[in-house]
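Number of protein chains: 2
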Amino acid sequence: MSGTVYLVGAGPGAADLLTVRAARLLGEAEVVFHDALITEDVLSLASKAEKIPVGKRSGRHATAQRFINKRLADAARGHSVVVRLKGGDPMLFGRAHEEISYLQARGVRVEVVPGVTAALAASAELGVSLTRRGAARTVALVTPRVAAGERGSHWVASVLAADTAAIYMGAGEALAIAAALIEAGKPASTPIALVEDASLPEMRVQYATLEALPRLATAGGPTLILLGEVYREALSEAVATLRRRGQASQRP
Amino acid sequence: MSGTVYLVGAGPGAADLLTVRAARLLGEAEVVFHDALITEDVLSLASKAEKIPVGKRSGRHATAQRFINKRLADAARGHSVVVRLKGGDPMLFGRAHEEISYLQARGVRVEVVPGVTAALAASAELGVSLTRRGAARTVALVTPRVAAGERGSHWVASVLAADTAAIYMGAGEALAIAAALIEAGKPASTPIALVEDASLPEMRVQYATLEALPRLATAGGPTLILLGEVYREALSEAVATLRRRGQASQRP
Numbered sequence: 000m001s002g003t004v005y006l007v008g009a010g011p012g013a014a015d016l017l018t019v020r021a022a023r024l025l026g027e028a029e030v031v032f033h034d035a036l037i038t039e040d041v042l043s044l045a046s047k048a049e050k051i052p053v054g055k056r057s058g059r060h061a062t063a064q065r066f067i068n069k070r071l072a073d074a075a076r077g078h079s080v081v082v083r084l085k086g087g088d089p090m091l092f093g094r095a096h097e098e099i100s101y102l103q104a105r106g107v108r109v110e111v112v113p114g115v116t117a118a119l120a121a122s123a124e125l126g127v128s129l130t131r132r133g134a135a136r137t138v139a140l141v142t143p144r145v146a147a148g149e150r151g152s153h154w155v156a157s158v159l160a161a162d163t164a165a166i167y168m169g170a171g172e173a174l175a176i177a178a179a180l181i182e183a184g185k186p187a188s189t190p191i192a193l194v195e196d197a198s199l200p201e202m203r204v205q206y207a208t209l210e211a212l213p214r215l216a217t218a219g220g221p222t223l224i225l226l227g228e229v230y231r232e233a234l235s236e237a238v239a240t241l242r243r244r245g246q247a248s249q250r251p
Numbered sequence: 000m001s002g003t004v005y006l007v008g009a010g011p012g013a014a015d016l017l018t019v020r021a022a023r024l025l026g027e028a029e030v031v032f033h034d035a036l037i038t039e040d041v042l043s044l045a046s047k048a049e050k051i052p053v054g055k056r057s058g059r060h061a062t063a064q065r066f067i068n069k070r071l072a073d074a075a076r077g078h079s080v081v082v083r084l085k086g087g088d089p090m091l092f093g094r095a096h097e098e099i100s101y102l103q104a105r106g107v108r109v110e111v112v113p114g115v116t117a118a119l120a121a122s123a124e125l126g127v128s129l130t131r132r133g134a135a136r137t138v139a140l141v142t143p144r145v146a147a148g149e150r151g152s153h154w155v156a157s158v159l160a161a162d163t164a165a166i167y168m169g170a171g172e173a174l175a176i177a178a179a180l181i182e183a184g185k186p187a188s189t190p191i192a193l194v195e196d197a198s199l200p201e202m203r204v205q206y207a208t209l210e211a212l213p214r215l216a217t218a219g220g221p222t223l224i225l226l227g228e229v230y231r232e233a234l235s236e237a238v239a240t241l242r243r244r245g246q247a248s249q250r251p
């Protein structure tokens, strides 16, 4: 007996932002291997599954990934529906390639179920479209995390070439990100939106300029940095609101 | 009485790739304004709604968009749940900005429900991740469609700066796209995947090189061009399969 491993996108966090297919597969799953950041609400959809956290910490990736690959293949030998649940979408910064290659090489059937990625969930919450007719027609999705010996285009060039950029997994490196982009020629006054825990009740949104990015505090949740002129209007409104509050508090 | 207009992402086409929230809202909707390309399976989820197609053809955009904006606002005056259903995700090439601005300026409550965008749905079907550890860390989402007087970064620069690119709404301009990218320095041998009707039973996938893109035929469905070294392996396999078939058919 050999089952199927489903690489399933868990979306941004809210349980009702999973796809209908993902929710159904979680309900059928016998084993669920999940990332550290998957919410309890999402996991509770896997009512009859054994749930196994396989969160990785950066720096110890290689060993951990080999271990996950092997556990997925082992699980597929004893179960018909094995779910590998990944935050957002599996095919974008999800390291799906390593799991798919390993499983396929061992004859294990793999299917991928896409999910709502953070950039789209955050845009929905902000009410600000990533693209705008006549002003923003290109979007870059990047991560500044660089492993030793990493190849591939530099994330800075991609951000500079696009009208709007979404920087994933960058909150811990805000100072380096802002410095690199400004040094490369991105205006320090470029509007940004910092969105933490998009789609969850505890979501936090901060508008600022690129220059001010390193001064923004985050609470440790999954954080996305959105960047581009499409956020100019929302930034202006946020500044105006702060000014009104400041004036109100100074009244006698 | 004033209702809420929900801008809802319909995802790539398969009805079970809507989010759980989108499916629920369609079930509650009294009126649904939908793009031309929304599938019957998806529309059938709006069981009690009046369904109004508002497909636009390029070139007649401005007038049509104003008309759609007005109809959405009018509908919200008589109904509590109005859904504006858009293919993929509303905030990516969905012209959501124009509808949100219009509705908010008139005091109509707007909420956006994100969706699975074509690049992620196509990647799930191909089993090829847009990003790959050590090789592809930046993704560009672009459209080559240019309206008169359009500003914003040029899509060619964004594609060149990224490791992997997804070109939306470009199938009708394959010759111009290939020429522009090759002239700008993208190798003619860059692997591409042309994915039509991603997620639907009639899905068609073609692997080729950038140079050969203009020679690929499409059947008129929504088509995505994926481009980058991550497709090299799948292209080699497709070529090998064709060769084997060719040899087999030449046997006596």
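Chains as they are written, first to last, in numbering that gives the first Met the number 0: chain A, 0 to 251; chain B, 0 to 251. Glycine included, every Cβ here is placed at the ideal spot set by N, Cα and C.
Problem set entry | arginine 83 of chain B, enclosing beta strand (DSSP E) - first and last residue | As a working mapping, residue 83 of chain B is identified with position 84 in the second sequence. Start and end: 80-85.
Problem set entry | Three-state class that DSSP yields for histidine 153 of chain B in the structure shown | For this step, residue 153 of chain B is matched to residue 154 along the second sequence. If DSSP states are grouped into helix, strand and coil, histidine 153 of chain B belongs with coil.
For this session: For my contact list, valine 204 of chain A and alanine 192 of chain A are in at a C-beta cut-off of 8 Å; report their separation, rounded to the angstrom.
Result: Walking along the first sequence from the start, residue 204 of chain A turns up at place 205. Walking along the first sequence from the start, residue 192 of chain A turns up at place 193. Indeed they touch by this definition, with Cβ atoms about 6 Å apart.
Problem set entry | Per-residue burial, alanine 239 of chain B [other beta carbons within 10 Å of its own, 16 or more giving buried] | Along the second sequence, read from residue 1 onward, the residue named residue 239 of chain B stands at position 240. Alanine 239 of chain B comes out exposed.
For this session: Report buried or exposed for proline 200 of chain A, applying the criterion of at least 16 other Cβ atoms within 10 angstroms of its Cβ.
Result: Taking the first sequence and counting its residues from 1, one reaches residue 200 of chain A at position 201. Exposed, because fewer than 16 other Cβ atoms sit within 10 Å of the Cβ of proline 200 of chain A.
For this session: Determine the contact status of valine 252 of chain A and valine 4 of chain A, defining contact as a CB-CB distance below 8 Å.
Result: There is no way to answer for residue 252 of chain A, as the model of chain A reaches only from 0 to 251.
Problem set entry | Continuous beta strand (DSSP E) stretch holding valine 194 of chain B: start and end | As a first step, residue 194 of chain B must be located in the second sequence, where it is residue number 195. Looking at the DSSP string, the run of the beta strand (DSSP E) that includes valine 194 of chain B is 190-195.
Exercise. Do you know how far the Cα of alanine 121 of chain B is from the Cα of serine 157 of chain A?
Worked result: Translated into the one-based positions of the first sequence, residue 157 of chain A becomes position 158. Translated into the one-based positions of the second sequence, residue 121 of chain B becomes position 122. Spanning the two alpha carbons is a distance of roughly 22 Å.
For this session: Tell me lysine 50 of chain A's beta-bridge partners as DSSP assigns them.
Result: Numbered from its first residue, the first sequence carries residue 50 of chain A at position 51. DSSP, once it has assigned bridges, lists A/Val31 as partnering lysine 50 of chain A.
Exercise. Where are the beta strand (DSSP E) runs, 3 residues long or more, that stay fully inside the stretch 59-142 of chain A, in chain order?
Worked result: 80-85, 108-112 and 137-141
Problem set entry | Buried versus exposed call for phenylalanine 92 of chain A [16 or more other C-beta atoms within 10 Å across all chains shown] | Translated into positions along the first sequence, residue 92 of chain A becomes position 93. The residue is buried, with at least 16 neighbouring Cβ atoms inside 10 Å.
For this session: Could you work out which residues of chain B lie near aspartate 88 of chain A, taking near to mean beta carbons separated by less than 7 Å?
Result: Position 89 of the first sequence holds residue 88 of chain A. By Cβ distance, chain B contributes Leu119.
For this session: Could you work out which residue in A/Thr208, A/Gly8 and A/Ile51 is closest to isoleucine 181 of chain A when comparing CA atoms only?
Result: Reading the first sequence from its first residue, position 182 is the one you call residue 181 of chain A. Comparing Cα positions, the closest option is A/Thr208.
For this session: Quick one: residues in its chain with C-beta nearer than 6 Å to the C-beta of glutamate 49 of chain B, no 5 flanking neighbours on either side, listed in chain order?
Result: For the purposes of this step, residue 49 of chain B is taken as residue 50 along the second sequence, with counting starting at 1. Cβ neighbours of glutamate 49 of chain B beyond the five flanking positions: Val30.
Exercise. Taking all protein chains shown into account, do 16 or more other C-beta atoms lie within 10 angstroms of the C-beta of glycine 114 of chain B, making it buried, or fewer, making it exposed?
Worked result: The sequence position of residue 114 of chain B within the second sequence is 115, counting from 1. With 16 or more Cβ atoms within 10 Å of its Cβ, glycine 114 of chain B is classed as buried.
Exercise. Whose Cβ in chain A lies nearer than 7 Å to the Cβ of isoleucine 99 of chain B?
Worked result: Here residue 99 of chain B refers to the residue found at position 100 of the second sequence. Result: Gly126.
Problem set entry | As assigned by DSSP and simplified to three states, the class of alanine 216 of chain A | Here residue 216 of chain A is taken as the residue at index 217 of the first sequence, counted from 1. Of the three classes helix, strand and coil, the one that applies to alanine 216 of chain A here is coil, per DSSP.
Exercise. Would you say leucine 234 of chain A faces chain E, with C-beta separation under 8 Å as the test?
Worked result: The displayed structure is made up of protein chains A and B, and chain E is not among them.
Exercise. Can you tell me whether isoleucine 67 of chain A is buried or exposed, with buried defined as 16 or more other CB within 10 angstroms of its CB?
Worked result: Your numbering for residue 67 of chain A matches position 68 in the first sequence. Buried.
Exercise. Are leucine 84 of chain A and aspartate 15 of chain A close, meaning C-beta to C-beta below 8 Å?
Worked result: For this step, residue 84 of chain A is matched to residue 85 along the first sequence. For this step, residue 15 of chain A is matched to residue 16 along the first sequence. The answer is no: Cβ separation not under 8 Å.
Exercise. Which whole-angstrom value describes the C-beta separation of glycine 169 of chain B and proline 186 of chain B, a residue pair presumed to lie in contact below a C-beta threshold of 8 Å?
Worked result: If you number the second sequence from 1, residue 169 of chain B lands on position 170. If you number the second sequence from 1, residue 186 of chain B lands on position 187. Going by Cβ atoms, the distance from glycine 169 of chain B to proline 186 of chain B rounds to 18 Å, so no, they are not a contact pair.
Exercise. When DSSP labels each residue in this structure, what does threonine 240 of chain A get in the three-state scheme?
Worked result: Here residue 240 of chain A refers to the residue found at position 241 of the first sequence. Threonine 240 of chain A falls in the helix class under three-state DSSP.
Exercise. Taking only beta-carbon atoms, is arginine 132 of chain B less than 8 Å away from chain A?
Worked result: As a working note, residue 132 of chain B is residue 133 in the second sequence. Yes, because at least one Cβ of chain A sits closer than 8 Å to the Cβ of arginine 132 of chain B.
For this session: Compute the Euclidean distance between the alpha carbons of leucine 102 of chain A and alanine 165 of chain A, then round it to the nearest angstrom.
Result: For the purposes of this step, residue 102 of chain A is taken as residue 103 along the first sequence, with counting starting at 1. For the purposes of this step, residue 165 of chain A is taken as residue 166 along the first sequence, with counting starting at 1. Approximately 31 Å, taken between the alpha carbons.
Problem set entry | Where alanine 165 of chain B sits in the DSSP three-state scheme | Position 166 of the second sequence, counting from 1, holds the residue named residue 165 of chain B. Alanine 165 of chain B falls in the strand class under three-state DSSP.
For this session: Output yes or no for whether 8 Å exceeds the beta carbon distance between alanine 255 of chain A and glutamate 210 of chain A.
Result: For chain A, the structure presents residues 0 to 251; residue 255 of chain A sits outside this window and is missing.
Exercise. DSSP on leucine 36 of chain B, reduced to helix/strand/coil?
Worked result: Residue mapping note: residue 36 of chain B aligns to position 37 of the second sequence, counting from 1. In this structure, leucine 36 of chain B counts as coil in the three-state DSSP scheme.
Exercise. Ends of the alpha helix (DSSP H) at leucine 180 of chain A?
Worked result: Reading the first sequence from its first residue, position 181 is the one you call residue 180 of chain A. That run of the alpha helix (DSSP H) goes 173-182.
Exercise. Using a Cβ-Cβ cut-off of 8 Å (strictly less than) and excluding sequence neighbours within five positions of alanine 134 of chain B, which residues of its own chain qualify?
Worked result: Locating residue 134 of chain B in the second sequence gives position 135, where the first residue counts as 1. Once the five neighbours on either side are set aside, the close Cβ partners of alanine 134 of chain B are Asp162, Glu228 and Val229.
For this session: Kindly indicate the opening and closing residues of the beta strand (DSSP E) around threonine 3 of chain B.
Result: If you number the second sequence from 1, residue 3 of chain B lands on position 4. Counting along the chain, the beta strand (DSSP E) containing threonine 3 of chain B begins and ends at 3-8.
Exercise. In terms of residues, what are the limits of the beta strand (DSSP E) holding leucine 225 of chain A?
Worked result: Along the first sequence, read from residue 1 onward, the residue named residue 225 of chain A stands at position 226. Leucine 225 of chain A -> beta strand (DSSP E) spans 222-227.
For this session: Give me the Cβ distance between serine 1 of chain A and valine 107 of chain A, rounded to the nearest whole Å; I'm assuming they're in contact under 8 Å.
Result: Residue 1 of chain A sits at position 2 when you count from the first residue of the first sequence. Residue 107 of chain A sits at position 108 when you count from the first residue of the first sequence. Rounded, the Cβ-Cβ distance is 6 Å, consistent with contact.
Exercise. Which residues in the same chain have their Cβ closer than 7 Å to the Cβ of proline 213 of chain A, if we skip the five residues on either side of it in sequence?
Worked result: Within the first sequence, the letter at position 214 stands for residue 213 of chain A. Cβ neighbours of proline 213 of chain A beyond the five flanking positions: Ala173, Leu174 and Ala177.
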